[in-house]
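Numbering (UniProt numbering), first residue to last: 1 to 690.
First comes the structure, then the notes that go with it.
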Amino acid sequence: MIQRDDHGGIAVLTLSNPPVNALGAGLRAALDAGLAEALADATVRAVVIAAEGKLFVGGADISEFGKPPQSPILPEILARIDGASKPIVAAINGAALGGGLELALACHARLAAPGAKLGLPEINLGLIPGAGGTQRLPRLIGPTAAFAMMLTGEPVGAGKAAELGVVDEVELGDLREAARTHARELADAGRLPRARDRDERLTPEERETFEAKAAEALKRDPQATNVAALVRAVRGAFDKPFDEAVAAERDEFRALVDDPRSRALRHAFFAEREAAKVPGLPKDTPRREIARAAVIGAGTMGGGIAMCFANAGIPVTVIETEQGALGQGLDRVRGLYAGSAKRGSITEEERDARINRITGAVGLAHAAEADIVVEAAFEEMGVKRAIFSELDRVAKPGAILATNTSYLDVNAIAAVTSRPQDVLGMHFFSPANVMRLVEVVRADRTAPEVLATALDLGRRLNKLPVAVGVCFGFVGNRMLEKRSKAGERLLLEGALPHEIDAAVTEFGFRMGPFAMGDLAGLDIGWRSRKDFGGRAPVADALAEMGRYGQKTGRGFYVYADGARTGTRDPEVEALIARTAEAHGIARRSFTADEIVARLMYPMVNEGARILEEGIAARPGDIDTIWINGYNWPAWRGGPMHWADTVGLDRIAADLTRFAAETGDESLTPAPLLQRLAAEGGRFGDPRAKA
Ligand code: NAD
1 MIQRDDHGGI
11 AVLTLSNPPV
21 NALGAGLRAA
31 LDAGLAEALA
41 DATVRAVVIA
51 AEGKLFVGGA
61 DISEFGKPPQ
71 SPILPEILAR
81 IDGASKPIVA
91 AINGAALGGG
101 LELALACHAR
111 LAAPGAKLGL
121 PEINLGLIPG
131 AGGTQRLPRL
141 IGPTAAFAMM
151 LTGEPVGAGK
161 AAELGVVDEV
171 ELGDLREAAR
181 THARELADAG
191 RLPRARDRDE
201 RLTPEERETF
211 EAKAAEALKR
221 DPQATNVAAL
231 VRAVRGAFDK
241 PFDEAVAAER
251 DEFRALVDDP
261 RSRALRHAFF
271 AEREAAKVPG
281 LPKDTPRREI
291 ARAAVIGAGT
301 MGGGIAMCFA
311 NAGIPVTVIE
321 TEQGALGQGL
331 DRVRGLYAGS
341 AKRGSITEEE
351 RDARINRITG
361 AVGLAHAAEA
371 DIVVEAAFEE
381 MGVKRAIFSE
391 LDRVAKPGAI
401 LATNTSYLDV
411 NAIAAVTSRP
421 QDVLGMHFFS
431 PANVMRLVEV
441 VRADRTAPEV
451 LATALDLGRR
461 LNKLPVAVGV
471 CFGFVGNRML
481 EKRSKAGERL
491 LLEGALPHEI
501 DAAVTEFGFR
511 MGPFAMGDLA
521 GLDIGWRSRK
531 DFGGRAPVAD
541 ALAEMGRYGQ
551 KTGRGFYVYA
561 DGARTGTRDP
571 EVEALIARTA
581 EAHGIARRSF
591 TADEIVARLM
601 YPMVNEGARI
611 LEEGIAARPG
621 DIDTIWINGY
631 NWPAWRGGPM
641 HWADTVGLDR
651 IAADLTRFAA
661 ETGDESLTPA
671 PLLQRLAAEG
681 GRFGDPRAKA
């Protein structure tokens, strides 16, 4: 894991732990031993720490979090560097993240290659740096800049890092040679510059600037335990002696490792990575080449999906039934690109290049050249069948035929073609050019290579593809439907829209279901219920009154003069009361906790059924879908992880009670939930397999 090469008294220790040089127990032990040996070796005057591969060090091995620490832990290695009487220089060839940057910060100098990226992303896992990062970085670059870097977790490029003072130099030539020269110069000069020794007192202005930024961050996210810990740690860098402050940082870090928020965020991180592996789909499954795409429909979704292809450099033809709709759709896409260029998120050249990759056409015959066709026309089985029959005639052999349907049966769509093996669902989320999630729907006859190609393509489009099976609404919308139904029921039983929305935003969603419905348009759900059956007495009544939400100025709330946040409407509340009476439902008040239970437990129950039916391969896939497609708060880890933290016995007992109280059989706990509840189990246990 460590290779040592000596050059004229300079020992170069090269780290190698593919794929990302994570600082796991093995690499730590090798590095510690390598350092001890080199420092004790009388022929060695200085040491360079370099790395093999694309990265310097990608970070800690986070699978070790929560397990008993295995010596040597990183702080012990850094203490060895602190105690060294010979200079140690970091040669940062690529990304130095988390523990990797902390290692570099402890060295006596840092040289970076131009493509290197440096960052402390621990905040994203609910943690803070735990190996002196919160102490050395502020000492090197000042508290405000250091705090900003650790608060966003966003890595900075080598140039920016040099400007800030994180690295001493950006080396355009041979990095290792430059690092050896630098190390030799330090040894010649007898200098051992250490970040820990820099003890510059802050001016009152600097202190004030930092405190203002800290207060802002705490206000933005008052519940984020790690933000508060980060503020305390950075303050410590200026109020406490180094060793004391590092010990305090370590205590904060350890406490955060056990914090439920961090556990949930780490679960979400692992679940996302695991979702890339689809059981029964071997890694070496052949792929088909995708060089050209076609999208059917230039509506809300079609336009956004076409942008995803164009953004990834894949030429795409957008197909409509007539010139008018096509022109409108393409105009909207151009408008979105113009906006991005104006905001500076893409250059004008990039804007033009992307727009030029999108060609408009009328008639499905224009899909003939595409390697993949994504259909995003109206949500009607008749329309989809007609399109897929035609595609079967015109598409080239081997082309992948995907539908973006939200609810329809992908098997039935595939069945109208003579090539069901090439058909699957690619369910993008709105706005498709922004949302990361894509449910990749594997139909009964989808060929493994078609599924593998679609999953790869999803990643190429910079999305997060998750494989799911065929059922009404797949994973996300199927569970959402349970929440919507529970929301309507709650209205009739006495909770008001603003109370329900408040409980849901307090839980951590950015928007409550009724504000969301008003934003999306109440006509959408109403039409879909008309098509698929199902009633939502209050929402349907509102839609029938022409109250479609924000776009009509009225929905569950009233929107004065195009306002984006609504206010309560006595008319709606009277309508709810009348509807409840008509249904013979007695009204009472609900606490926020009761509201959350009423809304979320039925979703968890449906998640259990989805697992039993094999629609999702694992609970983590469901969590990944909800976090990335429906804005479920990541710090609650997704519905299935959250259910585990609540306790499945409690959820099963409450659902049994809800079923009895409402007479709704579908609320009866699913067999998997019942079994786990009885065993004291969790969805997250390996034995939870359905
Ligand atoms: P939309 O009404 O905005 O766009 C549909 C477009 O398809 C229209 O421009 C229409 O002219 C065009 N079209 C209809 N028949 C066609 C045909 N035979 N050939 C070519 N073009 C045709 O609808 P949308 O919201 O973009 O939804 C499209 C699909 O995506 C639906 O299946 C929907 O369920 C699904 N979907 C929508 C969302 C969403 O939030 N809007 C999210 C995920 C999936």
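Even for Gly, the Cβ is constructed at its ideal location relative to N, Cα and C.
Per-residue DSSP class, three states only, for residue i
i: Arg-442; result: strand
i: Arg-110; result: strand
i: Asp-174; result: coil
i: Ala-294; result: strand
i: Ile-73; result: coil
i: Thr-668; result: coil
i: Val-166; result: coil
i: Arg-554; result: strand
i: Leu-23; result: strand
i: Pro-465; result: strand
i: Leu-522; result: helix
i: Leu-451; result: helix
i: Leu-15; result: strand
i: Arg-346; result: First, the amino acid is wrong: residue 346 is Ile here, not Arg. Correct three-state label for Ile-346: coil.
i: Gly-549; result: strand
i: Val-475; result: coil
Any non-hydrogen atom of ligand 1 closer than 7 Å to residue i Cβ
i: Asn-404; result: yes
i: Thr-317; result: no
i: Met-603; result: no
i: residue 733; result: With the chain running from 1 to 690 in the structure shown, residue 733 is simply not present.
i: Val-383; result: yes
i: Ile-296; result: yes
i: Ala-454; result: no
i: Ala-443; result: no
i: Thr-14; result: no
i: Ser-430; result: yes
i: Ala-367; result: no
i: Gly-517; result: no
i: Met-301; result: yes
Proximity below 8 Å, CB of residue i to CB of residue j
i: residue 693; j: Met-603; result: For residue 693 there is no data in the structure shown, the boundaries of the chain being 1 and 690.
i: Ala-158; j: Gly-115; result: yes
i: Lys-384; j: Ala-377; result: yes
i: Gly-99; j: Ala-60; result: yes
i: Ala-452; j: Leu-424; result: no
i: Glu-206; j: Gln-135; result: no
i: Leu-326; j: Val-295; result: no
i: Arg-588; j: Gly-476; result: no
Between the CA atoms of residue j and residue i - distance to the nearest angstrom
i: Leu-437; j: Val-466; result: 7 Å
i: Pro-68; j: Arg-254; result: 11 Å
i: Leu-140; j: Thr-285; result: 49 Å
i: Gly-302; j: Ala-25; result: 48 Å
i: Pro-204; j: Phe-238; result: 12 Å
i: Asp-243; j: His-182; result: 28 Å
i: Lys-463; j: Pro-431; result: 12 Å
i: Arg-636; j: Ile-627; result: 9 Å
i: Val-373; j: Asp-649; result: 46 Å
i: Gly-153; j: Arg-419; result: 47 Å
i: Arg-191; j: Arg-460; result: 48 Å
i: Met-149; j: Asn-124; result: 12 Å
i: Ala-577; j: Thr-565; result: 23 Å
i: Asp-84; j: Leu-39; result: For the record, residue 84 in the displayed sequence is Ala; it is not Asp. Those two C-alpha atoms are separated by around 7 Å.
i: Ser-16; j: Met-1; result: 5 Å
i: Ile-305; j: Val-333; result: 10 Å
i: Glu-506; j: Ala-574; result: 26 Å
i: Arg-554; j: Ser-484; result: 19 Å
i: Arg-442; j: Glu-613; result: 14 Å
i: Glu-252; j: Ala-233; result: 8 Å
Identified DSSP bridge partners for residue i
i: Phe-428; result: Val-438
i: His-7; result: Ile-10
i: Thr-403; result: Glu-375 and Gly-425
i: Gly-361; result: According to the sequence provided, residue 361 is Ala. The question's Gly does not apply to it. The partner list for Ala-361 (beta bridge, DSSP) reads Ile-319.
i: Gly-157; result: Lys-117
i: Ala-96; result: Val-57 and Leu-118
i: Thr-567; result: Val-558
i: Arg-615; result: As written in the sequence, residue 615 is Ile, which differs from the Arg given in the question. The partner list for Ile-615 (beta bridge, DSSP) is empty, contrary to what the question assumes.
i: Ala-50; result: Thr-14
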